[in-house]
Structures are given as structure tokens and as C-alpha cells.
Amino acid sequence: MKKNVRSRAAYVQPAIVYILLAIGVIIVVVPLMWAAAASFTPNHKVFEYAYPFSWRALFPVDFTMEAYDNLFERGFGRAVGNTFFLAIATVIIGGAANALAGFAFGRFEFRGKQFLFLSVIMLTFMVPVDLTAIPRYILVNNFGWINTWQGLLVPGLANSLVIFLFRQFFAEIPQELIDAARVDGASWLRVLVSIILPISKPVLVAAGLLMFISQWNSFFWPLLIAPRQEMRVVQVEISLAIGQYGTTWNELLAGSMIAAIVPILLVMPFQRYYVQAITGTGLE
Amino acid sequence: MAVLRKKKPTTVIEKFNDESWRRKFLSNVLIPWLFIAPLLIIHLYVVAIPAVQGIYMSLTDWKGVGMNVNFVGLENYRELFFEDQTFGKALNNNIIWMIFFLTVPFILALFCATMLSQVRRGGMLYRSILFIPYVLASVVTATIWKNLLNPQRGIGAAIDNILGLEDVFGIAYLGRTESALMSIAFIDNWQFWGFLMILFLAAMQSIPPVLYDAAKIDGANRWQEFRHVTLPGIRPILVFMFMMVAIFSFLAFDYIFLLTQGGPGGASEVIATQLYKNAFFRFQAGYGAAQGVVISIFAGFIILIFVTVKRRGWDI
Amino acid sequence: MKSIKILFAIAVLVMALAPVGAQDVTTVSMWFSEGSTLDCWGPIMLEFNDIDPSIQLEIVPQADTWNVTRTAVAGGGGPDIVRTPGPSFVYEMAQAGLILPMDTFAESMGWGDFFFDWALDLGLVDGQLYSLSDELETLLLYYNVDVFEANGWTPPDTMDELNALSEEVAAAGYVVFSHGNASWRPSNEWFVGEYMTQIASPQNVYKALTGQIPWTDESMVEAMEVLDAHMQAGWYGGGIDLYFTNDGATRRAMFADGTAAMNIEGSWAIRGLGEYFGESGQDWDWVPVPSHDGTDYFTIGMGNTSSINANSPHPEAAAQFLTWYFSPATQGKMLTDCRKGPAPVTISEEVMGELDPRIARVYADLSDASANDRYGYTTWTFWPPKSDVYIYEEVERVWTGEITVMDYLEGLNELFAEELAAGDIPPIPSR
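In order, the protein sequence lines correspond to chains A, E and U.
Per my numbering, the very first residue in the first sequence carries number 233; after that it's consecutive.
Per my numbering, the very first residue in the second sequence carries number 2; after that it's consecutive.
Per my numbering, the very first residue in the third sequence carries number 4; after that it's consecutive.
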């Protein structure tokens, strides 16, 4: 009797589970399919099958590359290149600066450390970005950095979450590893390069992804600081499809599709490191 | 005099010649600051100075255009806490928002991650699909869902159509005071939870399978397995994301602004949307800055809670 | 040796002079949101560049234009020509010294010759001219001619007629006013301003704006009660919740395909109506928004203003562009080619004759109304900023039943009194 109940539960449970999973997937997938299909549809037909809703809305029945062609004609390729360049530069320069600081916060004892760390983290949560944008714009303008790459790049370099990650990770490295090298007379920089770096893959990947994605998705600052057409970034280029008196839907969605693919391709293979870095279990 | 004068520099030189002192100076002062310097310079310019300026502005009647301001002390804060009746409502909405995001996405993500961790084939595909929303720009997600939730032409209307009903599912979710905030939270969550799931899933996969085998031998059922093996195994990331989500709940802005701008009738107003309107439509940027400071105090408070909990013996 | 030195010196001189030669071209920059508007306006505006090769206009397409402009200008940058959404923004920017007074240009370039007098006054801050108003607007009652003919209805002349007609329209299964604020939340204020004007009369609005009567005056209460009743009856958009979710495309479509019978909206709507009605094959026309006593009142509003950035290195060139842009010839061309709401300047009869008579009638009636004391005020042009935000934000709480009309007007009165006392009121042409 008892066994019977159990085995029935064993059948019912997975069934419920799979139904729930399926519902979840539908809720996620339907809007995505519509968006993807619409990006391959002529603009005036984007809503044809969506109102009233029919299955045709989920497939590009009136297939055209018009939206993608228009986008790239307008210079979307350049925007992708710009953003890619910016994001990579952010990862390299910002990664180095944040890692060094994270190391100092995680491994050194010095006066004012706690205060400094807390203020670095806290000040970043000063919202909104738009409000601090005016004083920041004034600074950047004083440097003569309007419409320049450094103006676009520099504000994205300091990232509290990344410093936080580095600090956590470095703090967990066993002291003996470092001591051994120090006793051998290695300089700190040498310790960092030859001992710490090789075991820091998870945190480096995770920090790199975070910085890459946040630069890839940045919108307001680039819009503000570099209005020139040849310096536009992806999100700004996409937003241009939303006009004051009407939206070019298929271009908006086509741009979003391309903008989404890049982070997905990057995140999927590296997701494991991401978690390792956050949980600090990267040193098994 | 002459002797004294001569003595001072020699002390420093002596000190500097003293190896142990030099070492101490190097490792306790110079080296750490050298490591921090590059970041500090950047941070100072792009974060700290603007933020401190923001704090100062919260003590003024700054209008948001130009830099001629009058110092008003804590007047903005007094008004915020004692006079502004809409602030309480906005804060309340932030708390509802936080409760929603500390439960719904976590339950969904834990559930799906647990399921998917057992799927052998096609797991990567599922994951990728469930993750896509996270990397869509919020403008795009908002416009897609605005259309899907449209009462006459959206999904609700389609369901009504199939079931032969009228105006049951096809209602203006975003246009009703009782459902606006939750609808926005649903949409934001639609975008966000996949990210949580990916994190949990990766964490679950790093739990040694031996632990599950041991649990099975002890006769644990699925729930017990989850409770005693999975949950402790992913606790660090769980707690960390709890903290981050709690903080971001006070920063909630973009979806609300894109979908209802706080309406109808303030039903979905949160602190950040109020702040935005104060700073940029009402020319009360100083007042808005005060709201910004209040938000960051909340954020600091949340961090403090987690740090304290951690000191008490939890891992973060 | 000496000659080489001289040659070198000449070379240096030439090099030093070369950039001066290049600088002979002055570039006047202007930021503009991309899209169909720019597609039509852009080429016309760039015709300016053919006049004088030494002054060239550069149009930089910008998303989120106003936000970016405001931040950039406040931060010491931004375009030469600063466009703002209305006089209250001009007021704040002028106070902060971010834009230049233009009185000398107005005089030397003769702006007074083609601008209406009251229109130039709109740009005054503390007695100096800081902005030029653009895109003259007024609210109209549009109706779907096919729907009206099919049901034998005639457009209403008075508020009572409008009420009676609306009952009938709703009973016949039509949406009364094709509306919704999902694309532009502040559109709430169109109706608040319009009902105050038509029901409480422009004279009373003027008195309230100048502090002679409070906003809680009986006539204002009545106006807001009527508006609330119309909202509660579901006449706007087909239901109050639908009003909050219908976006721009939806409401245009439902008006054009005959789902809705009428629409109260600004004259800017004409730009989009052609396209939607072209698709549906139906027809539209307009009448003045009915008033209490049947007088044809027209509210006046401005869609945009133009100023010169205080950081502009060449304000003179910017002023030259403005002179050309606001000239009746340019404005007339943009009106006929793009249906752009013209700046408040005298546009020739000839140009008006080329227009769709329905459009020509808007501007003819409007200038007639302003000459005969039948003009009113739109909230976004004449109300101070905090009161204006209050008007469109808080009125939703009346419509959702959270507060009463009296609560709403008391709040407005209090806020308005503060702004009036602080002198933050845009210039209001006296009647």
C-alpha cells in the first residue's frame, strides 16, 4: 500500500514538474519568437498576426531582411564595432585597475582600508546615474573629452561589483601560497603575475563578463558624451528606431536581436566561472 | 640649534636605512596605495566627486540647470519625511517590489535550476533560451510586453477568444491601480529570473555528486535532498544574490518608467521615479538628490545587515 | 642660410594661417530627434546652407534629445541652437545663464517684423528675449465624418450638445473619444486645460493664472467635475483602464477605422491623421472644442522653443540661422511640405491657399480668435513647471477615485500659490 502511493507520486510529480516547466518555457519563448519573427517582417506587417494573436505571429511568414539591411546601411555595423572595441578596452584597462585595487583591499592591511572600501562601494549606489551625470559631464567637458573615446571609456572603468568580486576572491587565497613566494624574495607585482593570476581564472572571467556586458548595454552616457554619428554605440543606434512620432518596429527588434546575441555567446560558455568567482569556490 | 637642525634629517635617513622600518613602510603604506592608485584616480573623478556633489546638492535648492544654488541645510530631508505624502506610498511600493523580487524569481529560478540540473540532453539549449531575456535591452522588453498585455490585441484577448470569454483575461493590466505594479514586476522578472537560474544551476553543478549519493543512501526524498544538499551547496551565491536583489529593489526604475511612469494615479510610483520627475520635470533637483541619498542609505543599510549576518557565522 | 630661414618662417606663417582659412566656415549645430519628422524637416532646414557658404547648419540626430540637451547644456556643452519643450524650461535655463538674451539680434535682424507681438513676449524672461516660440498648437475636436454621416449626427457647438451626443455615441457602441495616454502620460493635461478653458472660460483661467481667483473657484470645480464624469463614463478610450493603456498608434487607428467617433487633440495630430485615414479610406474633419456658452475658444500652445546656447562660440551665426528658420517663407514651406505646426509668424495668404482647407482653417480661426479675445491657454505653455507636472500627474488620482476634485484643486492651488509667489510663472499675455 505504502509502496503504491509512493510510486504513484513518483509518476505524478514529474508530470507536474514538466507541465510547469513547459508553461515557463512558453512564457519566455513566445515573446522572444514574436520579436525574432517580427525582425524578419516588413515594418507595416509587424503586428498583422499579433492583433488578433495567431500562431503566424511567431514565424516570419512574410520573410524579409529589410530591417537588417536598413540597420546596416545606417551604420549599425560601425556601432557594433565601436561597442566591441569599447567593451574590450574596458575589460582590459578596467579589469587591471579593479584587480589591483581588489588585491590591495583583500590582502593588505593599511590605515583607512575599511573606510576607503566602504566609500568606494557605497558611492556607486548614489542614484540616479542621470543626476550624477551633470557633475560628471562638467568634469569630462573640462578635460575636453566630449566626442572622444576616452570620454566614452573612462567612466565605465570603475565598477564596484567587480572590485567587490576581486576582493572576495583574493581574500580567500591561502596565505602560504603568497608567503612561500615572498620568502623567496619575489616582489608583490611578481607574486601577482606568477602566483595569483594563474589561479584567478574564474574571477577574471566573471569580472570581464560583467564589465563587458555593462559596457555593451550602456546607453545614456554614450548618448550624452558622444553625439557624433561615427562614435555611436549599439544601444544608442537601436534607440534611434524609436522616433518621436512612430517606431520602426522591425529595425528596433532586429537591432535588439544582434545586441542580444553577443552577450549570450559570451556568457554561455563561461557561466561556471561566474558562479565560482562569486562563491569563491574557484580554488579546489 | 645647529645641532638640532642637523639631527632631524638624520633621523629620517636613519629610519630609512633601518631595513625593518623601510619594509613596514613599503608593505603597509606605499605598496597598498600604489595598487589602489589607478582605480582611485578613476573612481575619484567619475564616481566620488559627482556623488559627493550629489550629496551636497541634496542640501541645496538646486534646480538641475546651472550651478547657482542656495544652501538650505536639511530642509529637503525634512520635507521628504514629514511633508511629502507621496513619498510614503512610493517607499511602500519599493518594499512590495522587494518582497516580490526576493521571492518570485528566487523560487522560479531554484525550481527550474533543480529541474534542469537533472536534464542531460539539450540542457544548454534550455538554458540559453531562458537566459536570452536577460540580455535584451529594457526598452525592447518593455515594448514587447506592452503589446502582449494590450487588452484588445494582446495575449489575454487571444486566450479569451479561444475560451469564448469576454474581458476575463483581456484586461488592461497596466491601466488598473490594483494590478499595475505587479504587472511591471512580472515583466521585469520575466527578464531577470533567467540570470538567477543560470547562476544557481552553475552552483548546483559544482556540488559534488557524492553528497547526493550519500543522501539517497540515507533514504532522503527529493525535498530533503534539496533542503540538506542543494541549498547548503548553493548558499553563498544565494545569499549574495539576495543582497544584490534587495539593493536593486530600491533602485527600481527603468521598467516602471517605460511602462507606466508611476501611474495610474501613482499606483506604481517608486522612489526612483519620483526622484526622476522631481529632478527633471519639476526643477527640484536638490530635492531629488536628497531622495537619491536616502536610497543609497537604504542600500548601505542592506549591506550592513548582510555583513552583520556574515560576521555572526554565515558565509556570504 | 638666411634665405632658408626666411623660407622656413614663411612656411610657418602659411601653416599658421591655414587653419584660419579653414575657420572661415562657421558651423551652427542643432540636435534633433531622428525619425519621420527629421526626414521631412531636415532637407528643408539644410537649404539654409546654400545661402551663405561661410555659415553651415549641422543637424545631429539624437535619441532622447531633450534629456541629453539639458544635461549637456548644464554641463557647459551642447549644440549652438538649444531647443526646449516650453517656456518654463527656457525660464530656468535663462535664470541659470545657460542661454543668451537675444534682444540685439531681434532688433538688428528684424524679428519683430514677422513674429506676432504676443509671440515674442512669450520668450521674455525678466524683460529680455531668451527664446523664440515654435510649432503653434491648439486643441480641436476631431470627428470621423463617415461615422457621423452613417448615424446622422452633427458636430456639437456647446458642451451640453457634446454631452448629449456622447451619450448617443456610447449607446451606439462606439468609443466616444479615441484616447489613451500610454505613449505620452502628460496628455492628461490636454483635457484639464481644455475643460477649464471651455467650461470655466478663458477669462477665469487668466484670472487664476494671475492669482486673482483661486483654482478652487466654483467654475474650475465644475470643469473638473465634468471631465471626471466623462472619464468615469468611459468615454475616453472606452474605459478608464483602457485610457491608461491605449498608445498613440492604437488611438489613431481606432479613430481612423471608425471604432471611435471623436478625438480631442492638438493640431499636431493632423500630421498623423492623413496616414491613418488614408489606410482606412474614411474621412475626418474638426470643429472647435465646444464651450459652455457656444463661443469658439481656442487654447494657444507652443510645441517647442529655440534659444542660443551661452557656450556657443558664434551666437551671431546661430541668430542668422534662426532668422532664416523662423522667416515666414521657411515656416510656410515646412507647413505645406511637412504639415509642421508653424511658428507664430505671419504666413502669406498664398501659402495658406495651397494647404488642405481643414489645416488652413485651423490657423485662420486661431489668428481670428487671438485677435478677438477668444484665445485660451494650454497648461504646458503657460503654467509654471511644478503646477504643470501636478496637473497631469495628480489628475489620475481623481480619475482612479483616490482623491476628490476638490482635493485635487486645493493641492493645485497651494502649489500654484508657491510658484506665483516665487515668480516662476511664464509670461502670460494680458487680455
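Positions of the beta carbon are idealized from the N, C-alpha and C atoms, including for glycine.
The beta-carbon separation of A/L456 and U/A77, rounded to 11 Å, does not stay under the 8 Å limit for a contact. Straight across, the Cα-Cα distance linking E/G124 with A/I251 is about 17 Å. Taking C-beta atoms as the reference points, U/A263 and U/S181 count as a pair closer than 8 Å. Its chain contains N147, L276, Y279, F280, E282, S283, Q285 and W287 as the residues whose beta carbon lies nearer than 8 Å to that of U/A259, once the 5 sequence neighbours on both sides are disregarded; these appear in chain order. Its Cα nearest to that of A/N275, the residue A/T479 stands out among A/Q508, A/T479 and A/R422. Counting only the Cα atoms, E/W98 lies some 45 Å from U/Q215.
Chain E has no Cβ within less than 8 Å of the Cβ of U/R364. Your pair E/S118 and E/Q206 checks out as a contact, with CB atoms roughly 6 Å apart and the cut at 8 Å.
Proximity of U/P88 to chain A, defined by a Cβ-Cβ separation below 8 Å, is not satisfied. In the displayed model, U/Q215 falls within coil according to three-state DSSP, outside both helix and strand.
Taking a cut-off of 8 Å on C-beta distances, the segment 63-74 of chain U touches the segment 29-42 of chain U, as three or more cross pairs fall below it. Taking E/P33 as reference, the option from A/L303, A/F502 and A/A333 with the minimal CA-CA separation is A/A333.
Under the 8 Å criterion on CB atoms, U/E95 is classed as interfacial with respect to chain E.
Beta-bridge pairing by DSSP links U/V31 to U/L60. Under the three-state reduction of DSSP, U/E138 is assigned to strand.
By the Cβ rule, the segment 204-219 of chain E counts as touching the segment 232-245 of chain E, because three or more pairs are nearer than 8 Å.
By the CB criterion at 8 Å, E/V271 and E/A91 fall inside the cutoff. Taking CB atoms only, A/M500 has a neighbour in chain E less than 8 Å away. A/N449 carries a coil assignment under DSSP once its states are collapsed to helix, strand and coil.
The beta carbon of E/F72 does not come within 8 Å of any beta carbon belonging to chain U, so the residue lies off that interface. As computed with DSSP, U/P291 is found in a beta bridge with U/L143.
With contacts defined as CB atoms closer than 8 Å, U/M227 and U/L412 qualify as a contacting pair.
Taken in chain order, the complete alpha helix (DSSP H) segments of 4 residues or longer contained in the segment 296-330 of chain A are 298-305 and 308-321.
Looking at the backbone, the Cα of E/A273 and that of E/L81 are separated by about 13 Å. At a Cβ-Cβ threshold of 8 Å, U/E192 and U/Y395 count as neighbours. A/A492 and A/V468 have their C-alpha atoms roughly 14 Å apart. A/R288 has its alpha-carbon roughly 42 Å from the corresponding atom of U/P88. When beta bridges are read from the DSSP output, U/N307 appears opposite U/D137. Only I172, A173, Y174, L175 and G176 from the segment 160-176 of chain E bring a Cβ to less than 9 Å from some Cβ of chain U.
U/V85 carries a strand assignment under DSSP once its states are collapsed to helix, strand and coil.
In this model, U/D340 and U/R274 are separated by some 11 Å (Cα to Cα). Excluding five sequence positions before and after A/A321, the CB atoms of its chain that fall closer than 7 Å to its own CB belong to L385, given in chain order. Rounded to whole angstroms, the gap between the alpha carbons of U/T298 and U/T161 is 8 Å. The closest CA to that of A/G440, considering only A/D416, A/Q382 and A/Y506, is found on A/Y506. Not flagged as an interface residue toward chain E: U/D83, since no C-beta distance is shorter than 8 Å. Distances from the alpha-carbon of U/G80 to those of U/I102, U/L325 and U/D67 put U/I102 closest.
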